[in-house]
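Novice:
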Amino acid sequence: MGVEGLNPENTPVGEKKKRKTGPEDASYITTAVIELRPALYMELMFCKWVLAFLLYCWLIFAVGFSVEGLHENSRVRGVNLGGWLVIEGWIKPSLFYDILNGDMLDGTEVQFKSLTLQKYVSAENGGGMEVTVDRDIPSSWETFRLWRVSESIFQFRTSQGQFLTCNGDGGNVTAAAESASVTETFYIERNLNNRVHIKLKSGTYLRASKANQLTADYLGTPGWDDNAATFEMIIVSNILHGDYQLANGHEHDKAKEVLKKHRNTFITVEDFNFLYRHGINTVRIPVGWWIAFDPNPPAPFIGGSLEALDNAFSWAQAFSIKCIIDLHAAPGSQNGMEHSASRDGKTGWPTSPDHISQTLDVIDFLASRYAKHPALLGIELLNEPSAGSVPLDILVSFYKQGYQIVRKYSSTAYVLFCQRIGNADPFELYQANLGSENTVVDLHYYNLFDNFFVNMSSLDNIQYIYKNRQTQLQALNSANGPLVFIGEWVNEWNVTGGSQTDYQDFGRAQLEVYNAASFGWAYWTLKNDIKHWDFEWNIQSNYLQLQLGYSSSNQIFILVLFLGLACGCSFLH
Ligand SMILES: *[C@@H]1O[C@H](CO)[C@@H](O)[C@H](O)[C@H]1NC(C)=O
Ligand SMILES: *[C@@H]1O[C@H](CO)[C@@H](O)[C@H](O)[C@H]1NC(C)=O
Ligand SMILES: *[C@@H]1O[C@H](CO)[C@@H](O)[C@H](O)[C@H]1NC(C)=O
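What follows is the structure, given as structure tokens:
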């Protein structure tokens, strides 16, 4: 295997120590024997050959799965640069401070209850029909997702995806518009008790009519008492805090300022130094599709992420670290989550051929720009497509085209295919014939985000790693086709009050098992306000002990065999 790129010093500490033990101990033993019993020289020579052969076997075994582009016998020991060029509010909540009506960002789910009728506003059938004010108990038809125009101007999307619309003074509000423009735009006045008035641009307020309709015909200006134009607004969920919410939440200039500062300070050259010193040889860098349009991406996205990615490549190169570019957010969103920059929780990517072809253009842009950069290790075509909304055939077709695009620019860069999240078996990607050279399937292993892990003890968690994770990894490792990558995992679980030792044990188990992945692993994530997710905190606080993780039982077995035979050789004489 062609192996180049990483500085030898970059080999993880534990592995280096272990590799030294073998040959040095053995030569010490054989030299001693030669001095003591020169008459047996010939036989000892034979022993030496045996030892040399075993040493050779051991080295071959150790380098068996090496990754092209990394130094010597290494695989990816990576860390994700999460929350940097793709925003996730939970990683750094302060980015969202100071937004006016900051609890009314894009995608926030709201309900409205009339104070005169004591009924909820409802889009019959979830959209496409009249809007009534006649429900006692709110559910999905009564829940609207905000599209924010400014801190006081909004559009309202129904559960089926239509928008509330009103053709003007005196009209009824319906829920039949398939897209949002002037007639779908409403002005909100809000008081401290979460009471709201909703009005048209003309100034006419909406009211709940006695016939249980939502109509644009309130006469005059309502106060905050229980009148027909005053509604209680209930915020049902406010979970999306991604690039769309940030850029569209702040005023445009403020958003530029916040993102510029974040991109310049959250990750710096010092972090690459830290990673290098701790034996990390790769970073996986999430990027959003708008990077291809730098410096002027479509609104509301903010330019500048391309320059930051260029910096990351330079810093990586300086510390002999490799980069995996990971397209984390595709146009339309491939999973409805904030980290795919979904505006309102919908997954629009798979149903739009335009979005899919734009995504291929982004891959083309990234591949052409970085293919010849010495720090490039690979390109991941799409992070975490949702199994529930991205059909396998659509994804496979995209992955195959993406592979060909990367190959136009590079014959060696790895092409990474992320497994679908949710209910999908990663084997589906092994059966799909996605590409012939240097391909990788990326699995994300979290003992979180699923009721399955709730109430598990620390021991249960560790056993799950050794049983389920290891079994799946071994099966995929020996399957024909792509290498296996645990591209996201974290030293955190659903256990409350775990001790430092508990965390060390959990981290050790994960490292031991994930070290066997044929391509390697990457921790999620380098920095996080929640310390247990923060790689640097884990290392500095000794909650994650990287060097212990490198004890591959197979290598120890061969080493013991090797030393055993060495001793055997000397005692025989
Ligand atoms: C509003 O809706 C009601 C009930 O469907 C209907 O009777 C009325 O004519 C509508 N008004 C307007 C102005 O469309
Ligand atoms: C976890 O344990 C609590 C308390 O015993 C129980 O109420 C809850 O249903 C359990 N949750 C799950 C997902 O098993
Ligand atoms: C465990 O999972 C439950 C349910 O998802 C969640 O409410 C709780 O906060 C989690 N606890 C920890 C320690 O992660």
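What the sequence shown shows, in my numbering, is residues 3 to 575, in sequence order. We put the CB at the ideal spot given by N, CA and C, even for glycine. What you are looking at is a predicted structure, and each value in this text was computed from that prediction instead of being measured.
1. Could you spell out where the alpha helix (DSSP H) holding residue 539 opens and where it closes?
2. Got a sec? Which residues, its chain only, sit under 7 Å from residue 346 by beta carbon, not counting five neighbours each side?
3. Output the boundary residues of the alpha helix (DSSP H) element that contains residue 462.
4. Which residues bound the alpha helix (DSSP H) around residue 262?
5. Mind reading off the beta-carbon distance from residue 87 to residue 290? Whole number of angstroms is fine, and I expect it under 8 Å.
6. Based on Cα-Cα distance, which residue from 546, 127, 134, 459 lies nearest to residue 116?
7. Looking at the structure shown, is residue 392 part of a helix, part of a strand, or coil, going by DSSP?
8. Under the assumption that residue 187 contacts residue 151 (Cβ atoms under 8 Å), give the Cβ distance between them as a whole number of angstroms.
9. Looking at residue 127 and ligand 2, is the gap between the Cβ and the nearest heavy atom below 7 Å?
10. Thinking residue 382 and residue 326 are a contact (beta carbons under 8 Å), I'd like their distance in whole angstroms, please.
11. Let me check you understand the geometry: is the CB of residue 496 closer than 7 Å to at least one non-hydrogen atom of ligand 3?
12. Of all the beta strand (DSSP E) runs that stay within the bounds of the stretch 85–164, which reach a length of 3 or more residues?
13. Can you say whether residue 451 is buried or exposed, counting buried as having 16 or more other CB atoms within 10 angstroms of its CB?
14. Over what stretch of residues does the alpha helix (DSSP H) that includes residue 1 continue unbroken?
15. Regarding residue 173 and ligand 1, is the C-beta to nearest heavy atom distance less than 7 Å?
16. Assign residue 113 to one of two classes, buried (16 or more other C-beta atoms within 10 Å of its C-beta) or exposed (fewer than that).
17. Residue 183: which of 156, 190, 173, 206 sits nearest, CA to CA?
18. With DSSP as the reference, label residue 248 as helix, strand or coil.
19. For residue 453 versus residue 388, is the C-beta distance shorter than 8 Å?
20. When the Cα atoms are used, what is the spatial distance from residue 81 to residue 226?
21. Whole angstroms is fine: what's the gap from residue 334's alpha carbon to residue 243's?
22. Return the Cβ separation of residue 443 and residue 484 in integer angstroms, given the expectation that the two are a contact with Cβ distance under 8 Å.
Specialist: According to the data block:
1. 537–542
2. 108, 109, 147, 149, 159
3. 460–466
4. 254–267
5. 7 Å
6. 134
7. coil
8. 6 Å
9. no
10. 6 Å
11. yes
12. 111–116, 122–125, 133–137, 146–152, 155–159
13. exposed
14. Since the first and last residues shown for the chain are 3 and 575, residue 1 lies out of range.
15. yes
16. buried
17. 156
18. helix
19. no
20. 53 Å
21. 16 Å
22. 5 Å
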